[in-house]
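Under UniProt numbering, the residue at position 509 of the sequence shown is numbered 509, and the numbers go up by one with no gaps. Note that the Cβ used here is the ideal one computed from N, Cα and C, for glycine as well. Quick caveat: nothing in here was measured; it's all calculated off a predicted structure. To start, the structure itself, in structure tokens.
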Amino acid sequence: MPLKKIRCKFCDKKEEIKDAKGLLQCATCKFYCHASCLDLPESIVPRVKTYDWQCNDCKYCFHCESIQNEDQILFCDDCDRGYHMYCVTPKLKKKPKGDWFCPICVERKKHKHNEEEKEEKMEVDDEEKPPLEEAPPKQQEPAPPSAQPMDEGDDDTEDDIPLKKFAASAETPSNREQERVSKTQTNKSYSSPAKACPFPGCDGSGNVKAGSSHYTLKNCPLVRDERIRERELLKSESPRKTPENKENPSTHTTTTKQSSSKNVLQEEHTNNTPSSSNSTAVTLKSNQTPIEHIVSSSDLDMFQKAKEKAATLAALEKEILPGQDERKIAIFGEAMIEAWYKSHYPLEFSKSRYIYICEFCLSYFKQETIYKRHMEKCIEKHPPGDEVYRQDKLSVFEVDGKSATTYCQNLCLFAKMFLDHKTLWNDVAPFLFYVMTVADDRGCQIIGYFSKEKKSFLQYNVSCILVLPQHMRKGYGKLLIEFSYLLSQVEGKVGSPERPLSDLGLMSYRKYWQDRLINYLMDYDNDNISIKEISEKMSLHPNDIISTLQFLGMLKYWKGRHMVLLRKEIIAEYSEKAQNRPDNYKTIDPNCLQWTPKEFK
């Protein structure tokens, strides 16, 4: 199987995926570009790949995220980010000559320069330190050079282990003991520690692993004793469990978490506190900075800046915290719609309160600037299907889920924000979508839609139906239902909606069934009424007819037979409503339908 090739946006040269490491992908238009085609040096390509890079056609100001005034955008020569000349500090009146670096790269270079200066200063300080004075050797028999051990300080080996002699002379127990003492003392006399323990007040002697010296806090005996003392003090100060705590598990859990976090903070503080005989527990404040030998000041400054920036971004994005019921808002054309339920949009949209949806192609975006740019370039003005019905400005488009997969998936994702029982959103190929629109000067605006299976085993004529919230209570729901039964009549089949129905869907269908049945029974002059006959003429399922008659109280069982009672009060109420309907009352005209049933294998 041949490998997929990627085309460069500018030079149209194709390269295989394995050889496309030098290509950069735009985060907005998803096209690939050669760095050489953009006059970008190879040295900055690794840095460009660390963020959501954009090509020159899609690039906007990194500070204000605006696409306006493109002629005033400066491109950084170190990371290719773009900034308006009036968005940088200080503001620039004209483009500078030579290389220009953005604020992010300037800060990075400044931090790198400070780190290099600090390392050079530490090296100079180490060179200026006077060497430690060596203690005069004791009057002992010098050990052979080959038998002198190297002091590893913090090693796991013990210094008082007897050392073997490499001489060929015979050894006695007394000679070996004298040899061991001589070598140990000689080693202590001639070896000087290369490092010192950073714990204040510690001279580096002793080791928690039974050694003679150490130079880390991990093996310092004073740190170990201080930790033990702090733990015992915390245990004595911690409140005992009371019957109230036993009855309230949430309070007990909170107290346990707070005490455990206090333990961690105080254990970290013991590494920075001098050891003394009268030492007591010291509470670590939240704004207390770590000591220098653990965290450098530059790292601490970097952490504080990152923390402030993260807090600012979280406030701007209005991040949804656990326990909050903050509903997502969809910007759909000129409408701002609050979602009723959670949809299956990608994970990166979960933290954003707003989602921007194109009203024609239904593409969704996280940022308003990208959404506006898409709306300026979007060429779609109606759903991607065949127009099967047109009445004045009202149209219905038949969209095949197999040929327009992306559009139908986006439609299902959008519909899930207002439907509780809808689960289909990915596998749309077995369905047909009938999208109802109203035409205006911008294009065909979506009002609602319904979907149906291409081959339904249970003869369902509707799988899912929805009218957008901004178009509800205008009669469009009844039009969609009436249109679905018109298609069933043309097919010569009896149809019924797929269950379960939502509350609004059940109300709409029940009202439609009532109007159709009462209108049919008013003109019916035969004494014998057959449910099967009504079903065939109106394309309604017999179960729907029976349930509607029972709901109206018009179906009775008498002497072993079911009888339909024409209740005068119901007929009169329906007649009055029919007479008071406005002149612009919306109905489906069968003569406006231009549709032929399709056979699917």
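Is it right to say residue i is buried, meaning 16 or more other beta carbons lie within 10 angstroms of its own, or is it exposed?
| i | result |
| --- | --- |
| K377 | exposed |
| G82 | buried |
| S496 | buried |
| F600 | exposed |
| I534 | buried |
| M538 | buried |
| N584 | exposed |
| A578 | exposed |
| M554 | buried |
| D78 | buried |
| A330 | buried |
| G448 | buried |
| E90 | For the sequence presented, residue 90 should be read as Pro rather than Glu. Exposed, by the Cβ-count rule. |
| K328 | buried |
| C11 | exposed |
What does a CB cutoff of less than 7 Å around residue i pick up in its chain, not counting 5 residues either side in sequence?
| i | result |
| --- | --- |
| residue 655 | Residue 655 is absent from the structure shown; the chain starts at 1 and stops at 601. |
| P469 | I337, F418 |
| W100 | L74, C76, D77 |
| P103 | V88 |
| C61 | I73, G82, Y83, H84, C87 |
| K246 | Because the pLDDT of K246 is 42, which lies under 50, any placement of that residue in the model is unreliable, and the number read from its coordinates should be weighed accordingly. Cβ within range, chain order: n/a, list empty. |
Do you know offhand how far residue i's Cα is from residue j's?
| i | j | result |
| --- | --- | --- |
| S575 | K598 | 39 Å |
| R433 | E387 | It should be pointed out that residue 433 corresponds to Phe in this sequence rather than to Arg. Cα-Cα distance, rounded: 12 Å. |
| E453 | D527 | 38 Å |
| V106 | K366 | 29 Å |
| L549 | L466 | 26 Å |
| H111 | S298 | 8 Å |
| residue 609 | L540 | One cannot answer for residue 609 here, as it falls past the ends of the chain, which runs 1 to 601. |
| A572 | M507 | 21 Å |
| K93 | S350 | 40 Å |
| R516 | I446 | 27 Å |
| G477 | I588 | 12 Å |
| M436 | P500 | 23 Å |
| N69 | K97 | 20 Å |
| L300 | L38 | 38 Å |
| M472 | L504 | 10 Å |
| G333 | Q54 | 25 Å |
| K556 | R567 | 12 Å |
| K422 | F414 | 11 Å |
| E491 | W595 | 10 Å |
| I546 | Q489 | 20 Å |
| P290 | Q304 | Note that P290 scores 46 on pLDDT, short of 50, meaning its location in the model is unreliable and no value can be drawn from it. |
| residue 603 | Y485 | For the chain, the structure presents residues 1 to 601; residue 603 sits outside this window and is missing. |
| Y371 | S66 | 12 Å |
| L411 | I570 | 40 Å |
| K559 | L565 | 15 Å |
| R227 | K49 | 46 Å |
Please list, in chain order, all residues of the same chain as residue i whose beta carbon is under 8 Å from its beta carbon, the five residues on each side excluded.
| i | result |
| --- | --- |
| Y341 | K416, M417, F418, L419, D420 |
| N543 | S496 |
| H374 | C358, S363, F365 |
| M302 | H111 |
| Q409 | W425, N426, V428 |
| C64 | H84, C87 |
According to DSSP, what are the bridge partners of residue i?
| i | result |
| --- | --- |
| T437 | S395, I446 |
| G82 | F75 |
| Q409 | For Q409, which the question treats as bridged, DSSP gives no partner whatsoever. |
| F332 | A335, I357 |
| I379 | DSSP output for I379 lists no bridge partner at all. |
| W558 | R561 |
| P497 | V462 |
| Q25 | Y32 |
| K14 | R7 |
| F431 | E453 |
| D57 | For D57, which the question treats as bridged, DSSP gives no partner whatsoever. |
| V205 | Note on residue identity: the sequence assigns Ser, not Val, to residue 205. According to DSSP, which records beta bridges pairwise, S205 is partnered with S213. |
| Y364 | I357 |
| D386 | E398 |
Just to confirm my understanding: we take residue i, look at its own chain, exclude 5 residues before and 5 after, and list those with CB closer than 6 Å. What are they?
| i | result |
| --- | --- |
| Y389 | V396, C592, L593 |
| S451 | F431, F433, S463, C464 |
| V494 | S535, S539, H541 |
| K586 | G475, L479 |
If residue i and residue j are in contact, beta carbons under 8 Å, what's the gap, nearest whole angstrom?
| i | j | result |
| --- | --- | --- |
| K14 | F31 | 13 Å between Cβ atoms; not a contact. |
| A429 | G385 | Not confirmed; about 14 Å, so no contact. |
| P198 | L217 | 6 Å |
| Y215 | G204 | 6 Å |
| D52 | A35 | Going by Cβ atoms, the distance from D52 to A35 rounds to 16 Å, so no, they are not a contact pair. |
| C444 | Y407 | So it is not a contact: roughly 13 Å between Cβ atoms. |
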